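Numbering follows my numbering, in which position 189 of the sequence shown is assigned residue number 503; successive positions increment by one, without gaps. Below is one structure, written out as structure tokens; comments come after it.
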Amino acid sequence: MWDPDVTRYGMVIDIDKCTGCGACSAACMSENNIGVLPDETDKVRSITWMRIYQIDNGKPFPHTEIAFIPRPCQHCEGSGGHHTPCVSVCPATATDFDEETGIVSQIPTRCIGCRYCVAACPYHARYFNWYDVPWPEGTERALNPWVSPRMRGVVEKCTFCYHRYQHARNKALMDGTEVGEKDYQTACAQACPSGAITFGQLNNPDHKVYHLIRSPYAFRLLERLGTNPKVYYLSRREWVRKRADHYLPGEEPGKLKAARGWIAAGHE
Ligand code: SF4
315 MWDPDVTRYG
325 MVIDIDKCTG
335 CGACSAACMS
345 ENNIGVLPDE
355 TDKVRSITWM
365 RIYQIDNGKP
375 FPHTEIAFIP
385 RPCQHCEGSG
395 GHHTPCVSVC
405 PATATDFDEE
415 TGIVSQIPTR
425 CIGCRYCVAA
435 CPYHARYFNW
445 YDVPWPEGTE
455 RALNPWVSPR
465 MRGVVEKCTF
475 CYHRYQHARN
485 KALMDGTEVG
495 EKDYQTACAQ
505 ACPSGAITFG
515 QLNNPDHKVY
525 HLIRSPYAFR
535 LLERLGTNPK
545 VYYLSRREWV
555 RKRADHYLPG
565 EEPGKLKAAR
575 GWIAAGHE
């Protein structure tokens, strides 16, 4: 589990509550000034920091079940012997691991567009800007002034709405208090109509996520890679947990845990 002495922000997504409505994705685009590209039929080049995947149990009708998996950046842990894949390959320090919060940042103005991070990210959470976004005249007045729109040729991704953290931290400093659970929330967590997304400090018992990640139904994507994501998922359906964790045919969860034995003690 997470070290109680360092702040670690994370997210818990309850897949059994998610209806796949896309409100989180729309809220994310609005909050972070993600534009609509000239050719949105080219899904390989479209940008969605919060992408929603649909999976099914592989059974024919009438036994078919489906589930939706919203997938932001997983904010892989980069301290305590861990390794954040995108950060370790960036030659321009355009992406970095914030020791203060555990959030993996992205600084578009430093990015040289080499896309090593896109190749390194096992979660496909990074997007390259193939176009300058053609904001129709007048729509620039609806942009969020706290988030810079990105230019063609750079990579971008979910930042857990880091600008909101900066505001909350500054206010807390002025007031002489701590950043509370309600002071810093991501746009997707606020927009979800079914309450499937919970955000907060993973190692603070006053935050809901601290308790949710201790559920026996909690899991993370591709845990075997040892990236130690800070996005957790919940599902009571076994087939969802297996499909979402991407077990290969014949693999046993027990074997996967053994394969993760190198993960630093005290973080698991
Ligand atoms: Fe980097 Fe991808 Fe991990 Fe996000 S999910 S921290 S982009 S490797």
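Even glycine gets a Cβ: it sits at the ideal position worked out from N, Cα and C. These figures come from a predicted structure and were not determined experimentally.
Locate the beta strand (DSSP E) running through residue i, then write down its first and last residues.
{"i": "Asp-489", "result": "No beta strand (DSSP E) holds Asp-489; the alpha helix (DSSP H) holding it covers 476–489."}
{"i": "Val-545", "result": "545–548"}
{"i": "Tyr-367", "result": "365–370"}
{"i": "Phe-375", "result": "Element bounds for Phe-375: n/a, residue is neither H nor E."}
{"i": "Thr-409", "result": "409–411"}
So the candidates are the options; which of them puts its Cα closest to the Cα of residue i?
{"i": "Thr-409", "options": "Gln-499, Val-469 and Ile-361", "result": "Val-469"}
{"i": "Ile-482", "options": "Gly-494, Gly-395 and Cys-472", "result": "It is Ala, not Ile, that sits at residue 482 in the sequence shown. Ranking Gly-494, Gly-395 and Cys-472 by Cα distance to Ala-482 puts Gly-494 first."}
{"i": "Asn-443", "options": "His-377, Cys-332 and Ser-360", "result": "Ser-360"}
{"i": "Val-403", "options": "Cys-425, Phe-382 and Glu-413", "result": "Cys-425"}
{"i": "Ser-393", "options": "Ile-383, Thr-378, Phe-411 and Phe-382", "result": "Phe-411"}
Which of helix, strand or coil does DSSP assign to residue i?
{"i": "Met-325", "result": "strand"}
{"i": "Glu-470", "result": "strand"}
{"i": "Ser-419", "result": "strand"}
{"i": "Thr-333", "result": "coil"}
{"i": "Thr-512", "result": "strand"}
{"i": "Gln-388", "result": "coil"}
{"i": "Val-320", "result": "coil"}
{"i": "Ala-340", "result": "helix"}
{"i": "Tyr-437", "result": "coil"}
{"i": "Ala-381", "result": "strand"}
{"i": "Ala-406", "result": "coil"}
Contact defined as beta carbons within less than 8 Å: I believe residue i pairs with residue j. What is the distance between those atoms, to the nearest angstrom?
{"i": "Cys-506", "j": "Ala-337", "result": "6 Å"}
{"i": "Glu-537", "j": "Asp-559", "result": "6 Å"}
{"i": "Pro-352", "j": "Cys-502", "result": "That belief does not hold up - the Cβ atoms of Pro-352 and Cys-502 are roughly 26 Å apart, past 8 Å."}
{"i": "Ile-417", "j": "Thr-473", "result": "7 Å"}
{"i": "Thr-512", "j": "Lys-496", "result": "Actually they do not touch by this definition, with Cβ atoms about 12 Å apart."}
{"i": "Asn-542", "j": "Arg-322", "result": "Going by Cβ atoms, the distance from Asn-542 to Arg-322 rounds to 10 Å, so no, they are not a contact pair."}
{"i": "Ile-366", "j": "Ser-339", "result": "6 Å"}
Span of the alpha helix (DSSP H) holding residue i?
{"i": "Val-401", "result": "399–403"}
{"i": "Val-358", "result": "Element bounds for Val-358: n/a, residue is neither H nor E."}
{"i": "Tyr-430", "result": "430–434"}
{"i": "Gln-499", "result": "Premise fails: Gln-499 is in no alpha helix (DSSP H) and is neither H nor E."}
{"i": "Trp-449", "result": "It is not in any alpha helix (DSSP H) - Trp-449 carries neither H nor E in the DSSP assignment."}
{"i": "Glu-552", "result": "552–558"}
{"i": "Lys-522", "result": "522–526"}
Beta-carbon of residue i versus every beta-carbon of chain D: anything under 8 Å?
{"i": "Gln-388", "result": "Here there is only one protein chain, and chain D is not present."}
Measuring from the CB of residue i, is there a heavy atom of ligand 2 at a distance below 7 Å?
{"i": "Pro-399", "result": "Absence of ligand 2 from the depicted structure is noted, with ligand 1 being the only ligands included."}
| query | Taking contact to mean at least 3 C-beta pairs separated by less than 8 Å, is the segment 322–331 in contact with the segment 515–535? | reply | yes
| Can at least three beta-carbon pairs, one atom from the segment 419–431 and one from the segment 478–494, be found at a separation below 8 Å? | no
| task | Decide yes or no for the touch test of the segment 433–443 against the segment 386–396: beta carbon pairs closer than 8 Å, at least 3 of them. | result | yes
| task | Assess, as a yes-or-no matter, whether the segment 460–468 is touched by the segment 339–358 under the definition of 3 or more beta carbon pairs within less than 8 Å. | result | yes
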